[in-house]
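Okay, structure first, notes after.
Residue numbers (our numbering): 2 to 252.
Encoded structure:
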């Protein structure tokens with residue numbers, strides 16, 4: 002309760018102040034709809050929000066998995082070779098600097114209008130950098146004592162990576178995954194603004210805004226926020242399951 006109650010109280014107070022500000026100040030709904038109007042649209046559009054969240058969530062999940070796997074393989078290769086490490090970091094930085102608003106339309110033109118591949122590619126590219134950079138840092142931070150011990154045992158490179166490098170790099174990996182989980186949802190939703198299938202949250206937001214249905218657009222924005230929060234909480238759960246000893250040390 003000590004962890005949950007303070008943010009819950011702050012959130013409720015923020016919604017109350019938001020409602021009072023919009024109602025008393027007579028703010029135009031196209032500028033800022035009231036939370037009550039947004040809540041009414043969430044109830045009315047709950048099935049559409051659910052269906053759109055499933056479509057955007059599938060794109061975000063597949064992009065997250067693909068980008069993470071590629072980042073793990075690249076980090077393992079870069080950690081074994083100084084040359085690959087020096088070359089890969091600038092390329093990863095370039096991939097991270099690519100703007101979604103420029104990348105998504107280009108990829109949409111490369112595939113059919115009914116394909117979800119462009120959105121998943123955009124998500125994978127966005128996910129790649131934080132996972133790669135954090136994991137590479139973790140793979141390089143190996144204790145000299147552990148290195149000497151594995152050399153004494155004449156351990157092979159794969160055994161050294163499996164027994165020492167990867168377990169030691171797990172905290173860094175999940176640090177990158179916590180960042181990537183939220184970025185995956187953002188990338189998937191934003192990529193839907195630029196054409197393709199009209200089945201995700203991004204397409205519903207732009208459609209509602211185009212018809213001046215701003216409370217409905219905000220309802221889909223709330224759905225995107227809940228989807229991103231779900232991805233983040235699942236990542237935290239996986240971190241607890243993968244590293245139970247770390248939770249015991251923290252507690």
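We put the CB at the ideal spot given by N, CA and C, even for glycine.
Computed from a predicted model, the values in this text were never measured in an experiment.
Self-check item: Buried versus exposed call for residue 31 [16 or more other C-beta atoms within 10 Å across all chains shown]
Solution: Here residue 31 is taken as the residue at index 30 of the chain shown, counted from 1. The residue is exposed, with fewer than 16 neighbouring Cβ atoms inside 10 Å.
Exercise. Could you tell me the distance, in whole angstroms, from the CA atom of residue 136 to the CA atom of residue 27?
Key: Numbered from 1 along the chain shown, position 135 holds the residue referred to as residue 136. Numbered from 1 along the chain shown, position 26 holds the residue referred to as residue 27. The straight-line gap from Cα to Cα measures roughly 50 Å.
Quiz item: Can you tell me the Cα-Cα spacing of residue 164 and residue 139, whole angstroms?
Solution: On the chain shown, residue 164 is found 163 positions in, with the first residue counted as 1. On the chain shown, residue 139 is found 138 positions in, with the first residue counted as 1. Answer to the nearest angstrom: the Cα atoms are 14 Å apart.
Quiz item: Should residue 14 go down as buried or exposed, given a rule of 16 or more other Cβ atoms within 10 Å for buried?
Solution: As a position in the chain shown, residue 14 is number 13, starting the count at 1. By the neighbour-count rule (16 or more Cβ atoms within 10 Å), residue 14 is not buried but exposed.
Practice problem: Specify the secondary structure class of residue 142 as computed by DSSP and reduced to three states. | Solution: Numbered from 1 along the chain shown, position 141 holds the residue referred to as residue 142. Reduced to three states, the DSSP call for residue 142 is coil.
Quiz prompt | Top-ranked residue by Cα proximity to residue 233, from 61, 205 and 52 | solution = Residue numbering aside, residue 233 sits at position 232 when the chain shown is read from its first letter. Looking at the Cα atoms, 61 is the closest of the given residues.
Exercise. Would you kindly report the start and end of the unbroken alpha helix (DSSP H) that includes residue 43?
Key: For this step, residue 43 is matched to residue 42 along the chain shown. Counting along the chain, the alpha helix (DSSP H) containing residue 43 begins and ends at 36 to 45.
Self-check item: Buried or exposed by the 16-neighbour rule on C-beta atoms within 10 Å, applied to residue 45
Solution: One-based indexing of the chain shown puts residue 45 at position 44. Residue 45 counts as exposed, since fewer than 16 other C-beta atoms from the protein chains shown sit within 10 angstroms of its C-beta.
Quiz prompt | Under 8 Å between C-beta atoms of residue 189 and residue 124 | solution = As a position in the chain shown, residue 189 is number 188, starting the count at 1. As a position in the chain shown, residue 124 is number 123, starting the count at 1. Residue 189 places its beta carbon less than 8 Å from that of residue 124.
Quiz prompt | Own chain, CB closer than 7 Å to residue 79, minus 5 neighbours either side, in chain order | solution = Your numbering for residue 79 matches position 78 in the chain shown. 85, 86, 89 and 137, listed in sequence order.
Self-check item: Best match in 198, 57 and 24 for proximity to residue 224 [C-alpha to C-alpha]
Solution: Residue mapping note: residue 224 aligns to position 223 of the chain shown, counting from 1. The candidate whose alpha carbon is nearest that of residue 224 is 57.
Practice problem: Just tell me which of 40, 7 and 179 has its CA closest to the CA of residue 229. | Solution: Counting from one through the chain shown, the residue named residue 229 turns up at place 228. The residue from 40, 7 and 179 with its alpha-carbon nearest to that of residue 229 is 179.
Practice problem: Can you have a look at residue 130 and say buried or exposed, based on whether 16 or more other CB atoms are within 10 angstroms of its CB? | Solution: Locating residue 130 in the chain shown gives position 129, where the first residue counts as 1. Counting the other CB atoms within 10 Å of its CB gives residue 130 a total of 16 or more, which places it among the buried residues.
Quiz prompt | Environment of residue 142 [buried if 16+ CB atoms lie within 10 Å] | solution = As a first step, residue 142 must be located in the chain shown, where it is residue number 141. Per the 10 Å Cβ criterion, exposed.
Practice problem: Would you mind stating whether residue 191 and residue 101 have Cβ atoms separated by less than 8 Å? | Solution: As a working note, residue 191 is residue 190 in the chain shown. As a working note, residue 101 is residue 100 in the chain shown. Contact: yes.
Quiz item: From residue 112 to residue 194, what does the alpha carbon distance come to, in whole angstroms?
Solution: By 1-based counting over the chain shown, the position of residue 112 is 111. By 1-based counting over the chain shown, the position of residue 194 is 193. For residue 112 and residue 194, the distance between alpha carbons rounds to 16 Å.
Quiz item: Roughly how many angstroms separate the alpha carbons of residue 77 and residue 172, rounded to a whole number?
Solution: To locate residue 77, count along the chain shown from 1; it is residue 76. To locate residue 172, count along the chain shown from 1; it is residue 171. Going from the Cα of residue 77 to the Cα of residue 172 covers about 15 Å.
Exercise. Given a cut-off of 8 Å, decide if residue 197 and residue 109 are closer than it, judged by their beta-carbon atoms.
Key: Residue mapping note: residue 109 aligns to position 108 of the chain shown, counting from 1. Residue mapping note: residue 197 aligns to position 196 of the chain shown, counting from 1. A distance below 8 Å separates the beta carbons of residue 109 and residue 197.
Practice problem: Report the three-state DSSP secondary structure of residue 172 (helix, strand or coil). | Solution: Translated into positions along the chain shown, residue 172 becomes position 171. Residue state, collapsed to three classes: helix.
Quiz item: Between residue 35 and residue 23, is the Cβ-Cβ spacing less than 8 Å?
Solution: Position 34 of the chain shown, counting from 1, holds the residue named residue 35. Position 22 of the chain shown, counting from 1, holds the residue named residue 23. Yes, Cβ-Cβ distance for residue 35 and residue 23 is below 8 Å.
Self-check item: Rounded straight-line distance, which links the Cα of residue 73 to that of residue 20
Solution: As a first step, residue 20 must be located in the chain shown, where it is residue number 19. As a first step, residue 73 must be located in the chain shown, where it is residue number 72. Each residue's Cα considered, the two are about 46 Å apart.
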